[in-house]
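One structure below.
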Amino acid sequence: MASVNEKESNKEEYSFIYGDEAVSYSVIRKTVTQKTSSENAKRKISIKIHPNCEIVINAPDDAERSDIHDAVMKRASWIYDALKEFRAHLAYVETKLYVSGEMQFYLGRRYVLKVVEDNSALPSVKMSRGKLLVTLTRFNDDKHALTKALVSGWYGVKAERIFHERLAELLPQATWVDGIPSFRVMPMQKQWGSCSAKGNLMLNPHLIKAPKECIDYVILHELCHIAEHNHSERFWRLLTSVMPNWKEVKSKLDGMAELYLNE
Numbered sequence: 001m002a003s004v005n006e007k008e009s010n011k012e013e014y015s016f017i018y019g020d021e022a023v024s025y026s027v028i029r030k031t032v033t034q035k036t037s038s039e040n041a042k043r044k045i046s047i048k049i050h051p052n053c054e055i056v057i058n059a060p061d062d063a064e065r066s067d068i069h070d071a072v073m074k075r076a077s078w079i080y081d082a083l084k085e086f087r088a089h090l091a092y093v094e095t096k097l098y099v100s101g102e103m104q105f106y107l108g109r110r111y112v113l114k115v116v117e118d119n120s121a122l123p124s125v126k127m128s129r130g131k132l133l134v135t136l137t138r139f140n141d142d143k144h145a146l147t148k149a150l151v152s153g154w155y156g157v158k159a160e161r162i163f164h165e166r167l168a169e170l171l172p173q174a175t176w177v178d179g180i181p182s183f184r185v186m187p188m189q190k191q192w193g194s195c196s197a198k199g200n201l202m203l204n205p206h207l208i209k210a211p212k213e214c215i216d217y218v219i220l221h222e223l224c225h226i227a228e229h230n231h232s233e234r235f236w237r238l239l240t241s242v243m244p245n246w247k248e249v250k251s252k253l254d255g256m257a258e259l260y261l262n263e
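Be aware that the sequence shown starts at 1, since it is given in UniProt numbering, and climbs by one per residue.
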C-alpha cells in the first residue's frame with residue numbers, strides 16, 4: 001500500500017458553477033511514495049466542507065485534474081446543500097462582546113455570562129446557578145477586554161485539568177502507546193488537536209466547550225496518529241476499534257465548531 005506523507009505538496013484553487021453561483025474550492029495534493037493506478041487515485045479523492053464554508057479536496061499528487069473535477073461534480077448537489085446549511089448556521093454566530101446575557105459553552109452545556117462589578121473582590125470567574133459569573137473591580141478601564149481575558153484563562157485552566165483526566169482514562173484503550181504522551185493546550189484556528197512525529201499531542205482549549213465524548217474523540221484521534229501518522233485505511237480502522245461511533249461524534253463536533261471557536 002502506498003504510504004502518504006502528511007506534508008502538503010501543492011494547493012490549487014478552482015471553482016464550479018451550480019445554478020447561478022460560482023462555488024470555489026481548494027485542492028490539496030498529498031505526496032505519495034509509490035505511483036498509484038488511475039482507479040486507485042480516483043478512490044483516494046475526498047471532499048471536506050468545513051463549518052466556515054471552506055471546501056477542500058484531498059487528492060494524491062498523481063490524480064488527474066479531470067478525475068478531481070468529476071469527483072466534485074458528482075457530489076455538487078451534496079456540496080451545495082451542505083454550504084446552505086453551514087451558511088444558515090453562520091448567520092447566528094456573532095462576535096462576542098463579553099457582556100452579560102451572552103452565551104458561553106462548557107462541556108457541551110450552555111451558560112449565560114453574567115458580569116458584575118465589586119471593588120471589594122478580586123477579578124474572578126466561577127460557575128454559579130447555571131451562569132458563568134465574572135467578577136470585576138469597578139475601576140477597570142476596559143472591562144470587556146478584561147472579561148474576555150478572564151474567561152479565556154478560565155477555559156485554559158479547565159482544559160488542562162479535564163484533558164489530563166480524559167487522557168488518563170482513555171490511555172488503556174490505546175495499547176499501542178508506550179507510557180504517557182506529553183501534551184499541551186494551544187489555541188488553533190482550524191484544528192482541534194495535532195500529534196507530532198515524536199508523539200507529542202497538542203489540544204485546542206476551545207475543545208473544553210464541547211461534550212466529553214467529543215473531547216474523547218479528538219484525544220483518541222490523536223493517539224491513533226502515534227501508530228498511524230496519516231489518514232490511511234489502517235488509521236480509520238484503528239480509530240473505529242477504540243471508538244465505533246466516531247463518525248457520529250465527529251459530526252456533532254463539526255456542527256458546533258463555529259459556536260465553540262467563536263471568541
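Quick reminder that beta carbons are idealized off the backbone N, C-alpha and C, glycines included.
It should be emphasised that the depicted structure is a prediction, and the values quoted were computed from it without experimental measurement.
Going by Cα to Cα distance, which pick from D70, L83, S46 and L146 is closest to E117?
-> L146
In whole angstroms, what separates the C-alpha of P181 from that of A210?
-> 22 Å
Looking only at DSSP bridge pairs, what is I47 linked to?
-> I57
Do you know offhand how far H229's Cα is from F16's?
-> 32 Å
Residues near C224 by beta carbon distance below 8 Å, same chain, minus five either side = A174, F235, L238, L239 and V242
A22 (DSSP reduced to helix, strand or coil) | strand
Runs of beta strand (DSSP E) wholly within the stretch 165-193 (minimum 3 residues, chain order) = 183-185
Among V99, A82, Y25 and R166, nearest to E263 - alpha-carbon criterion = V99
Pairing CB atoms from the stretch 199-219 with CB atoms from the stretch 150-170, are three or more of them under 8 Å?
-> yes
Quick one: any contact between the stretch 188-202 and the stretch 131-144, if contact means 3 or more CB pairs under 8 Å?
-> no
Which residues does DSSP pair with F105 in a beta bridge?
-> R110
If you count every other CB in all the chains shown that lies within 10 Å of the CB of L150, and 16 or more means buried, which is it?
-> buried
Run through DSSP, which three-state label would residue 317 get?
-> Residue coverage of the chain in this structure runs from 1 to 263, which leaves residue 317 outside it and unanswerable.
Assuming K247 contacts C214 under a Cβ cut-off of 8 Å, what Cβ separation, rounded to an integer in Å, is found between them?
-> Not confirmed; about 13 Å, so no contact.
Inspect the beta-carbon positions of G199 and I219 and report whether they are closer than 8 Å.
-> no
For the alpha helix (DSSP H) that S124 lies in, which residues bound it at each end?
-> Run containing S124: none in the alpha helix (DSSP H); it sits in the beta strand (DSSP E), S124 to S128.
Does the pairing of the stretch 67-81 with the stretch 93-112 give three or more beta-carbon distances under 8 Å?
-> no
Are the CB atoms of A59 and I49 nearer to each other than 8 Å?
-> no
Put T240 into one of helix, strand or coil per three-state DSSP.
-> helix
Taking Cβ to Cβ, would you say Y25 is nearer than 8 Å to I57?
-> yes
Start-to-end residues for the alpha helix (DSSP H) that takes in L253 | W246 to L261
Please report how far the alpha carbon of residue 296 lies from the alpha carbon of P244, in whole angstroms.
-> This structure gives no information on residue 296, because the portion of the chain shown stretches from 1 to 263.
How should residue 264 be labelled, buried or exposed, when 16 other C-beta atoms within 10 angstroms of its C-beta is the threshold for buried?
-> Look at the range of the chain in this structure, 1 to 263, and you will see that residue 264 is not part of it.
Helix, strand or coil for K11 per DSSP?
-> strand
I55 and R75 closer than 8 Å at C-beta | no
Can you give the beta carbon distance from L261 to F105, rounded, assuming they're within the 8 Å contact cut?
-> At roughly 10 Å, the Cβ-Cβ gap does not stay under 8 Å, so L261 and F105 are not in contact.
In chain order, what residues of the same chain have a beta carbon less than 6 Å from the beta carbon of K126, not counting five sequence neighbours either side?
-> L133
Look at V185 and A159 and say whether their C-beta atoms are less than 8 Å apart.
-> yes
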